[in-house]
Every structure is written in structure tokens, then in C-alpha cells.
Amino acid sequence: MESQIQAKVNEWLAFDKNPATRAEIESLRDAGNTEELKRRLMKRIEFGTAGLRGLMAAGFSCMNDLIVIQASQGLCAYVLQNVPNATERGVVVGHDHRYNSEKWAQLTAAAFVQGIQVSKLNAAAGVMITGALIWSCACRIGRVLIGIYAASHNPKDDNGYKVYWENAVQIISPHDAGIAAAIEANLQPIAWDLHSLANVDNLVIDRTEEMTVAYLDYIASLSHWRLQGNKCFSSSQVYQYSMHGVSRAIIDRANKVFDFKPLEHVKEQQDPNPDFPTVAFPNPKKGALDLAIKTANASVRRTCLHKILIPIDSLPLRKKKLAMVASTVSSKLIGAMAAKEGFKFVESLTGFKYIGNAARALEAEGYNVLFGYEEAIGSCLVKKFMCFAELVSSLIVGKTSDRLLGGDLCTTSNSYFICSQSEIVDQIFARLRSYNDPASLSKDKMSQYPKSIGGLTVMDIRDLTTGHGFDSSAPAPEYAPSLPVSGGHMITFKAKGYGVAIVLTVRTSGTEPKWFTREQVTKALARVVDELRDEWMQAKLHNLGIPGA
Numbered sequence: 025m026e027s028q029i030q031a032k033v034n035e036w037l038a039f040d041k042n043p044a045t046r047a048e049i050e051s052l053r054d055a056g057n058t059e060e061l062k063r064r065l066m067k068r069i070e071f072g073t074a075g076l077r078g079l080m081a082a083g084f085s086c087m088n089d090l091i092v093i094q095a096s097q098g099l100c101a102y103v104l105q106n107v108p109n110a111t112e113r114g115v116v117v118g119h120d121h122r123y124n125s126e127k128w129a130q131l132t133a134a135a136f137v138q139g140i141q142v143s144k145l146n147a148a149a150g151v152m153i154t155g156a157l158i159w160s161c162a163c164r165i166g167r168v169l170i171g172i173y174a175a176s177h178n179p180k181d182d183n184g185y186k187v188y189w190e191n192a193v194q195i196i197s198p199h200d201a202g203i204a205a206a207i208e209a210n211l212q213p214i215a216w217d218l219h220s221l222a223n224v225d226n227l228v229i230d231r232t233e234e235m236t237v238a239y240l241d242y243i244a245s246l247s248h249w250r251l252q253g254n255k256c257f258s259s260s261q262v263y264q265y266s267m268h269g270v271s272r273a274i275i276d277r278a279n280k281v282f283d284f285k286p287l288e289h290v291k292e293q294q295d296p297n298p299d300f301p302t303v304a305f306p307n308p309k310k311g312a313l314d315l316a317i318k319t320a321n322a323s324v325r326r327t328c329l330h331k332i333l334i335p336i337d338s339l340p341l342r343k344k345k346l347a348m349v350a351s352t353v354s355s356k357l358i359g360a361m362a363a364k365e366g367f368k369f370v371e372s373l374t375g376f377k378y379i380g381n382a383a384r385a386l387e388a389e390g391y392n393v394l395f396g397y398e399e400a401i402g403s404c405l406v407k408k409f410m411c412f413a414e415l416v417s418s419l420i421v422g423k424t425s426d427r428l429l430g431g432d433l434c435t436t437s438n439s440y441f442i443c444s445q446s447e448i449v450d451q452i453f454a455r456l457r458s459y460n461d462p463a464s465l466s467k468d469k470m471s472q473y474p475k476s477i478g479g480l481t482v483m484d485i486r487d488l489t490t491g492h493g494f495d496s497s498a499p500a501p502e503y504a505p506s507l508p509v510s511g512g513h514m515i516t517f518k519a520k521g522y523g524v525a526i527v528l529t530v531r532t533s534g535t536e537p538k539w540f541t542r543e544q545v546t547k548a549l550a551r552v553v554d555e556l557r558d559e560w561m562q563a564k565l566h567n568l569g570i571p572g573a
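Taking our numbering, the leading residue of the sequence shown gets 25, the next gets one more, and so forth.
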């Protein structure tokens, strides 16, 4: 066995006190499986803005007890160094119902309980609204951040470690780099003993019910049409699907607070189940909604979805400063609405962490942020979820005007290419950046990218890739993009012609060996998609995987 691999095996066995994961590494060592040991041990799982996420297994590249302890120790050190009065303010730790989540929340509490009070939230709180609980009701007790064990839409064998800051939104730069460095400086595990949690006075407190009640009281105060609730839904039924998650309990309670008619649930998916038996990925796409669609009344569903984005004129907040946020790869419909209705619209990078932080910045400027939208995941409504339901109910009884934007809605095409060879991906994107003349030394960056697609002329280009930051619509001579750049490839093209306009974004995935394409097109969709696949990506030449092909 190579000396480097043997050294990593020794390091793992010196640190790991979990018999099961120790045995995994010992078994691989004894079998001489150097390739698997190299995969498990030689590259450490990276902490980023999304925290940690990966396969639950032994090794430095996976999610396991040791990685959780090391991450929690580093996070604790970072908080103590960077958050004023952290010991007095305390932290919050929550978890979902995936395998190992509850135990890892306990290990996190053990890492923090060195004089810092830990408020626990169990899975019943609902992991995706835990941030809302902290923001809306825990500010009075001054909690500073949340560590949550969840893996979003990943398959059942994965788990993750999310970190939310004191604004109740997932961290963004520079916190990710600071926490990652603190983890590297605190690798010696000291928090294995969970019995210590029972021997600390008032340092670990379960606040699930207290904070849930406070949250429900708070959202009830936001109701505009509460007394009409039963009337609004009296002739229609609303269906809710939890997809084996933990949302059913909290949504039922919120529904009751607003005096709505009881929700119907998709029975096959309503109870928490870490095996996710009806879906490979607990994600509302790729057929995962089939059961919900089968269960729901199609006419009610069409009514709600058809009108859901256009009730701005009926809001009591009409005269106030309103804003909405969407990721830059999402539908441009909200931007078109903003131009027509006069509210502020802001684009962010992809993911709720960026949408949430953009919303917080807008709130600091005095805006009331009604809606956040991420194309790949869904809507970000936070404390306004039930208020959003009120808008739906008002549509059903005719309280909200039924009007569209006065023109054609855009057509969206979302797809992806699969390629496990990163050098080919880099080559494809490098070609896009020197598409017209690979040998050209021209300083006119705009001329180096493709000039047309599908018979349309490229008008603007934005490249959000580290080392290539460029936005042709930004002021000269810097042409600096307003959104942050990152290590992943991401290029957006805007093109027009013959009364047609498109927005095309091509970006790599941060978690899978594929990259996405998203086109917002009113017409000429087929021509754009064909040229993107055949000419820009050269899919056949590079033997790229294409869904459905």
C-alpha cells in the first residue's frame, strides 16, 4: 500500500471512535482496496456556502461522525472568534429525519456546549422553516446561528450539514472560507461523549414547542383575510405533499391558525420516512409529483398555478415598497411583472442562500420582500407562506383581479449534459470564450464569444466564472459583473431578432458531473436548443450524456 494512503488510514483510525466506520476502513485496508481507500481518504469533503453534503460512509470524503465533530468544532471556534457575545447569545441546532441526523445534531451540541447554550429543535419543527423560526421569534433570546442536518433533495444515502447565520439565512462568502479554515485548525476530535450533554446545567434546552408556538402566533398576526378563511376554501380543496419529509405537522398547524379548511395530504408521502420509498430524489420534479397530481383536483390546481403570480394589485401593501427576488437562472416572468407593476426586482446567484441574503439586504433598505423564486427548487416565502395561501384563497372567491401581463408568457426549456471528465467540460467552456477566433488576442471580450444562436443576434453576455468575470452591459472599461464570480463555469447570453428575445444560461453543477442549460424563449425555441447542443456544446464529438437520448 502506498505510504500516503497508509498514513491516511492511520490518521482515520487514530481519530474515529465509531466502531462501524472504523470497521469499514479496516476492512478496505485488509482487503488491499487501495482505489476505494484513496477515494474515501485522500480528498476531504469540502465545506462551502452549502455547508457539507455527501454520502453517509466512512472516510474523510464522506458524511460520518468524525466529519461532523470536526466541522462542529471548527464552526464553534469560528463563532467564538467572530460573533460578539456568542457565549451569552447561544446557538440553535436542528435536524431532519434522515438517517444519522438526530445523532449528528447531538454531536454538534456536544461540540458547542463548552460554555455556549444550545437551543435544540427536533425534526417536528420542519428543517426548512427553522430559519424562519429563528428570525421571527428567537431574536428576543438572541441566538446567533443554526446548524441543521439535512441534505435537501439528495437521495436517501446522503446527508448534509447546513449553517445559517444570525440573519436566519444560509451563509455566503466570506463565512464559508472562514469556517473551512477553522475546521482545518480543529481536527482533533473532543466531542465524542454524548453523555456529557446530560451533565450540563441549562446549556442544552429543547425549544421546539416554545419556538413553534411563537412562530405560529407571529404569522397569525400577518393575516389580512383570516376571517374569510373557511369561506375561501369552502368549495375547493388544497392538497399538500411532504414527499416523506417533516412538513406535514407544521403546515397543518399553520393552516389551523389561519382558519383554513383542513388540508388533504398525499397519503403515500405524508409521513416522515428516511428511505423515501416513493421517490428516488425527494425533489418536486422528475416524476416525483405524479402522486400529488393523481391525488389533487386538476381544475383547482390549474386555477391556483395559473394565477399565482399576479395578485399584486389586491394586496393591502400596494402603496408600500415591494420587492421580489429570483435566481438569475430562473424565469424572467417576475422581472417582466416588476417592469409593469412598478415593484423592485433583484436577481441573485442560484440557491435560496443567495435569494435569502438578497431579501435581507432589501429589507434593510425598507422593502417588503414578498416572494423569492428558484427555478430548480421552488418558492421562498419564509414567514409569508400562509399569507401566500390567503392570496390563493382570494383568487378562488374572486377577491383578486384576474389579469395577465398583456402579452405572451415566456417558454422555458431546462435540460443538462452529463460528462464525468472535467477537462472536457473546461475545454467546451474555453471554446465558448474564444468561439470566433481561438488565436485572437483582441481585448474586445464581447467579440470572442458566440455572436448568434438560432438565427438571433447575441446582444449581451455575462460570465460569472473566476478569472473570466465579464458583463457586457456593465460600465466600461471594467465590464465588471454585479453578481459574484465563482469557480464553477456560468455564462449567460441574451439574444434578439425578428421580434424574438431569449436569455440562455449555461452553468456547471456544484454537486454532480453535469452542467445545466436554461433558455427563456418566446419563440424559436427548437432552433436555439438544436444549435446549443450541436454547435456550441458539440455533444456528439464529446460523447455527452443527454437526458432522454
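Note that CB positions come from ideal geometry on N, CA and C, so glycine has one too.
Sequence-distant Cβ neighbours of Leu104 in its own chain, meaning closer than 6 Å and more than five residues away, are Ala110.
As the crow flies, the alpha-carbon of Pro179 is around 43 Å from that of Gly523.
By the Cβ test, the segment 115-123 is in contact with the segment 296-307, since at least three Cβ pairs between them sit closer than 8 Å. Taking the Cα of Phe305 as reference, the smallest distance to any Cα among His177, Glu555, Val228 is reached at His177.
Each of Val262, Pro286, Gly359 was checked against the Cα of Thr319, and the nearest Cα belongs to Val262.
In terms of Cα proximity to Lys520, the closest of Pro499, Gln94, Lys475, Ser510 is Lys475. One thing to note: Leu240 has its Cβ within 8 Å of the Cβ of Val281.
Counting the other Cβ atoms within 10 Å of the Cβ of Pro505 gives 16 or more, which makes it buried. Annotated three-state conformation of Ser506 is coil, per DSSP. Taking C-beta atoms as the reference points, Leu76 and Ala95 count as a pair closer than 8 Å. In the same chain as Phe517, and ignoring 5 residues on each side of it, the C-beta atoms closer than 6 Å to its own belong to Val482, Ile485, Leu528, in chain order.
Inclusion of Gln451 and Tyr459 in the CB contact set at 8 Å is not warranted, their separation being larger than that value. Remark: C-beta atoms of Ile214 and Gln141 do not approach each other more closely than 8 Å.
Of the residues Tyr503, Ser510, Val117, Ser355, the one whose Cα lies closest to the Cα of Val228 is Val117. When the beta-carbon positions are compared, Ser355 and Thr436 come within less than 8 Å of each other.
Secondary structure note for Gly390: it is in no alpha helix (DSSP H), with a DSSP letter that is neither H nor E. Where Asn438 is concerned, there is no enclosing alpha helix (DSSP H), although the beta strand (DSSP E) around it starts and stops at 435-442. DSSP, reduced to helix, strand and coil, places Tyr522 outside both helices and strands of the structure shown, so it counts as coil. Taking 3 residues as the shortest admissible run, the segment 80-128 contains the following complete beta strand (DSSP E) segments, listed from N- to C-terminal end: 115-119. Taking all protein chains shown into account, Val193 has 16 or more neighbouring C-beta atoms within 10 Å of its C-beta and is therefore buried. Note on Val115: 16 or more other CB atoms within 10 angstroms of its CB, so buried under the neighbour-count rule. The C-beta distance from Leu480 to Ile526 rounds to 6 Å, short enough to meet the 8 Å contact threshold.
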